[in-house]
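One structure is given below, encoded as structure tokens.
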Amino acid sequence: LLRRIVWNNFEKFRYRFAFSRESPLEKPMERALSRILRGFPPETPKDLIRRMDEAGVSNSVVLAPPPVVSNEDVLAGCRENPRLIPFISPDPGYEPEDQIEALMAAGGRGIKIHPLLQDIKVWGEYSQKVAKLAAKYNVPLVFHAGGSSRLFGKKCMRRTSPKEFLLLARAVPNAKIVVGHVGLWEFPQILDFIKEAKNLYVDISFQSPWVIQKCVNTLGSSRILLGSDSPLGKVKLVLENIALAGLNKNQTRDILTLNPERLLNYNSQFTIRNS
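Heads up, the sequence shown is in my numbering, so the first residue is 5 and it goes up one at a time.
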């Protein structure tokens, strides 16, 4: 019950009033959130479809961050559910070229890297190779951003640096790079660094209406994507936060419909209903 109460209110919690990057409260908060994260049961494709139906969402991207979720499981689940769009992830223990070629041939429609779980530097040789492959296949490349490794049950203090995303975007300007969660509570630094790079996008999972409004004011609505991080995040709550952000009809349509269509190169295989 306590876990449910804490998590249901977490997305409504405005980071600016509580803790920020490397503040005194960050370390204990990350440890508490880590325990909550580990307590969530796995989500099946049927569970996700049910959540989508409840929120009026027609299609969702499903991300594979091995070793937590395998590429094979994501690809198989999405084959059985055409409304689900699979993003694959290379094993950092091996060169990415052959892996990504095979995974894209198997049905991948985008690429995910989790720097903290997979121990990959955002601004590093491996990520640059992956970004070039994402540009080659003309698919989005999504990175987790925000917090330290403590958030995922690790003792090390490693974290992503907001500047790394800008450096990667400049190095591979034809790659479409998505910064996950707007960096969680690091969103002020993320927005400051990425605003000048037009090939950098953000998803607004775990963010309040105030932060969503700030993202639109800083980046414009064409670089913002709806994200929920289900089952940890709630699709309905993100939609409510967008509705409360004071956006106009065109800005809302960009976030909910046009931006994913552009990034995913939607064709007749994919459709998006207005939410």
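Note that beta-carbon positions come from the ideal geometry of N, C-alpha and C, so glycine has one too.
Note that the structure is a prediction, hence the values are computed from the model and not measured.
Any C-beta of chain C under 9 Å from that of residue i
| i | result |
| --- | --- |
| V182 | Annotation note: the requested chain C is absent from the structure, which comprises a single protein chain. |
Nonlocal neighbours in the same chain, by C-beta distance under 7 Å from residue i, ignoring five residues either side
| i | result |
| --- | --- |
| T222 | L195, K199 |
| A175 | Q132 |
| P49 | G81, E84, N85, L88 |
| N252 | none |
| D95 | P70, Q103 |
Three-state secondary structure assigned by DSSP to residue i
| i | result |
| --- | --- |
| E64 | Inspection of the sequence shows that residue 64 is occupied by Ser rather than by Glu. Strand at S64. |
| S152 | strand |
| Y205 | strand |
| V72 | coil |
| I117 | strand |
| P32 | helix |
| K197 | As written in the sequence, residue 197 is Phe, which differs from the Lys given in the question. In the structure shown, F197 sits in a helix (DSSP, three-state: H, G or I). |
| I124 | coil |
| L229 | strand |
| N269 | coil |
| L262 | helix |
| F91 | strand |
| R257 | helix |
| R163 | strand |
| L107 | helix |
| A173 | helix |
| T48 | coil |
| L251 | coil |
| G187 | helix |
| F23 | coil |
| S131 | helix |
| P235 | coil |
| R277 | Because R277 sits at a pLDDT of 35, beneath the cut-off of 50, its placement in the model cannot be relied upon, and the point is left open. |
| N85 | coil |
| K158 | coil |
| E168 | helix |
| Q211 | coil |
Residue i - partner residues in DSSP beta bridges
| i | result |
| --- | --- |
| K180 | P144 |
Cβ shell of residue i (< 8 Å), same chain only, five flanking positions each side left out
| i | result |
| --- | --- |
| T275 | Reliability of the predicted coordinates at T275 is poor, the pLDDT of 37 falling under 50, and no value is obtained from them. |
| R42 | G157 |
| A173 | A179, I181, I198, A201, N203, L204 |
| R35 | R154 |
| Q255 | V220, S225 |
Closest Cα partner of residue i within the set the options
| i | options | result |
| --- | --- | --- |
| M56 | S225, P235, K253, S152 | P235 |
| V239 | W127, W214, V65, L171 | V65 |
| P100 | L230, L188, K140 | K140 |
| E168 | L243, M33, E129, I228 | E129 |
| G150 | H185, A138, N142 | H185 |
| S74 | S27, A59, K116, W127 | K116 |
| S225 | L241, D233, S232, I208 | I208 |
| W189 | T164, K136, S93 | T164 |
| H118 | A138, H148, G97, A106 | H148 |
| A135 | K159, L171, P166 | L171 |
| K125 | R162, L137, S93 | R162 |
Cutoff 6 Å; reference residue i; Cβ partners in own chain excluding five residues on either side
| i | result |
| --- | --- |
| L267 | P144, K180 |
| L248 | P213 |
| L120 | S153, F156 |
| L79 | P90, A110, G111 |
| M108 | Y141 |
| S24 | W189 |
| R227 | Y205 |
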